[in-house]
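Protein chains in written order, with the numbering used here: chain E, 1 to 421; chain D, 1 to 81.
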């Protein structure tokens, strides 16, 4: 609220976006890769490009490209596995850096942050100079190869659009004079919150840039996009901040924790399917317990080849926070009640409707409290020796490599967990 | 791509503003001089905290892992083109 009041008085937001984060950090670490086109894949043998270096992007290689397409566009491209520990460590270093420079910082994703300039207006009267200082400090902390875009605007939306559409390594400012020109030139692909489906629907009514929305009446927008998106699109057209950018880190606690994994090949083996479910559930519960939460909506989804998909969920009357409870629901209650008719390539599990455990009704059954005692003992061992030090017999006979370890995602959906002290 | 080695090494370095900078390491009876420190990664699994120093020595990039609990050094990985 303070920020909104100050924004009307001339406050500015800075959006810091590290250029080609995953690939840039790898190039910083390995100097021989600098200046070369690189495709980062999730692991050796994977075929989906999850990040491309600045050099690869010049050939049209994008996040989400298939490796064979990337090689067609750029035969000399190097495919290298991601290092999620490195990305998370670098993000934590960036968080420390930004918080040393400004009192109000929001980490938006692994490689993006918003910084509120208003409290610094006397120290750094020129926000462009402050933007350059941030870029220099990032190089000092992470290395000379790491460059960042800094977009500055009266709200987070315009600051982000500006940084994402400016040349690599630049500092750019949006003001009254250039705001409409920016909104009339930026493609919806570069606008936060607009996915490919919404972009296609906008194109169907002839809208390709946000500024065009100003020439469409409210009733028409609502007819095509419904009550929520019509309002959000109207705000974007006028250069105002849509709801999805408003203080996402202000949540008191996470509302849901999920985990998914895509296999190397289609899986038809029931023992492996059971093990993967247990593995994913154990990670979800580990995070839920560490944040001292409990949840009562359990969902599961599976994908096969060519878009084959199955999902199910159950909303419980009680809150759960034990691996055995959630695994029983995911595997025995939901999965086993389905007659599987396709092999699986992707597994997803989620525990939602989370609430602080202290605020949930307590269980009466002695068995549950017995399970809780065991879980507390495992928590202690996990805290000291690491996740999966003590785990289920479903992993018996498999090597350590069979265990799916936690990893971060680019959008850092579990930031509340990752930034826990 | 990085290739795993996981062999014990000894490392000497200097402290600069309370930050350790590796300068040389002893691996398989050879002393390798660190030409450049390119990255530092902190990892944690439970109470086990590791710090990985990515260093360039004679044109090769190595990941030197320091277990902050046991204070042991490993040469974790080497980058092979």
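Beta carbons: idealized from backbone N, C-alpha and C, even for Gly.
Listed by chain order, chain E residues near residue 81 (chain D) by CB distance under 8 Å: 32
Counting only Cβ pairs nearer than 7 Å, list the residues of chain E close to residue 45 (chain D). 386, 387
According to DSSP, what are the bridge partners of residue 48 (chain E)? E:66
Can you check whether the C-beta of residue 42 (chain D) is within less than 8 Å of a C-beta belonging to chain E? yes
In angstroms with no decimal places, state the Cα-to-Cα distance between residue 388 (chain E) and residue 181 (chain E). 54 Å
Mind pulling the chain D residues with CB within less than 9 Å of residue 44 (chain E)? Chain D residues near residue 44 (chain E): 1.
So the candidates are D:63, D:55, D:18; which of them puts its Cα closest to the Cα of residue 77 (chain D)? D:63
Contact criterion: CB-CB distance below 8 Å. Does residue 5 (chain D) meet it with respect to chain E? no
So, does the CB of residue 80 (chain E) fall closer than 8 Å to a CB anywhere in chain D? yes
To the nearest angstrom, report how far apart residue 68 (chain D) and residue 49 (chain D) are at their CA atoms. 6 Å
With a Cβ-Cβ cutoff of 8 Å, do residue 294 (chain E) and residue 357 (chain E) count as a contact? yes
Going by C-alpha to C-alpha distance, which of E:265, E:84, E:359 sits closest to residue 305 (chain E)? E:265
Nearest by alpha-carbon distance to residue 173 (chain E): which of E:187, E:183, E:158 is it? E:158
Please confirm if residue 143 (chain E) has its CB atom under 8 Å from at least one CB of chain D. yes
Given this structure, state the Cα-to-Cα distance separating residue 17 (chain E) from residue 147 (chain E), to the nearest angstrom. 9 Å
Pull up the distance between the alpha-carbon of residue 269 (chain E) and that of residue 26 (chain D), whole angstroms please. 47 Å
Need the endpoints of the alpha helix (DSSP H) that residue 6 (chain D) sits in, please. No alpha helix (DSSP H) contains residue 6 (chain D), which is instead part of the beta strand (DSSP E) from 2-8.
Is the beta carbon of residue 77 (chain E) sitting closer than 8 Å to the one on residue 95 (chain E)? no
DSSP beta-bridge partners of residue 22 (chain D): D:13
Residues that DSSP places opposite residue 53 (chain D) in a beta bridge: D:40, D:64
Start and end residues, alpha helix (DSSP H) containing residue 81 (chain E): Where residue 81 (chain E) is concerned, there is no enclosing alpha helix (DSSP H), although the beta strand (DSSP E) it sits in stretches over 78-81.
If I follow the unbroken alpha helix (DSSP H) through residue 367 (chain E), where does it start and stop? 366-385
From E:326, E:154, E:120, residue whose alpha carbon lies closest to that of residue 103 (chain E): Ranking E:326, E:154, E:120 by Cα distance to residue 103 (chain E) puts E:120 first.
Of all Cβ atoms in chain D, is any one closer than 8 Å to the Cβ of residue 323 (chain E)? no
Less than 8 Å between the C-beta atoms of residue 275 (chain E) and residue 394 (chain E), yes or no? yes
Alpha carbon of residue 113 (chain E) to alpha carbon of residue 50 (chain E), nearest angstrom: 20 Å
Going by alpha carbons, who is nearest to residue 156 (chain E) out of E:176, E:240, E:208, E:186? E:240
What do you get for residue 253 (chain E), buried or exposed, if any count of 16 or more other CB atoms within 10 angstroms of its CB means buried? By the neighbour-count rule (16 or more Cβ atoms within 10 Å), residue 253 (chain E) is not buried but exposed.
Spatial distance of residue 341 (chain E) from residue 307 (chain E) (CA atoms): 13 Å
Of the residues E:392, E:381, E:412, E:396, which one's Cα is nearest the Cα of residue 45 (chain D)? E:381
Check whether residue 343 (chain E) and residue 56 (chain D) have beta carbons under 8 Å apart: no
For residue 418 (chain E), return the contacting residues in chain D, with the cut-off set at a CB-CB distance below 9 Å. Per Cβ cutoff of 9 Å: no residues; residue 418 (chain E) is ~11 Å from chain D at best.
Closer than 7 Å, Cβ to any Cβ of chain E: which residues of the segment 46-63 of chain D, in chain order? 46, 47, 48, 54, 56, 61
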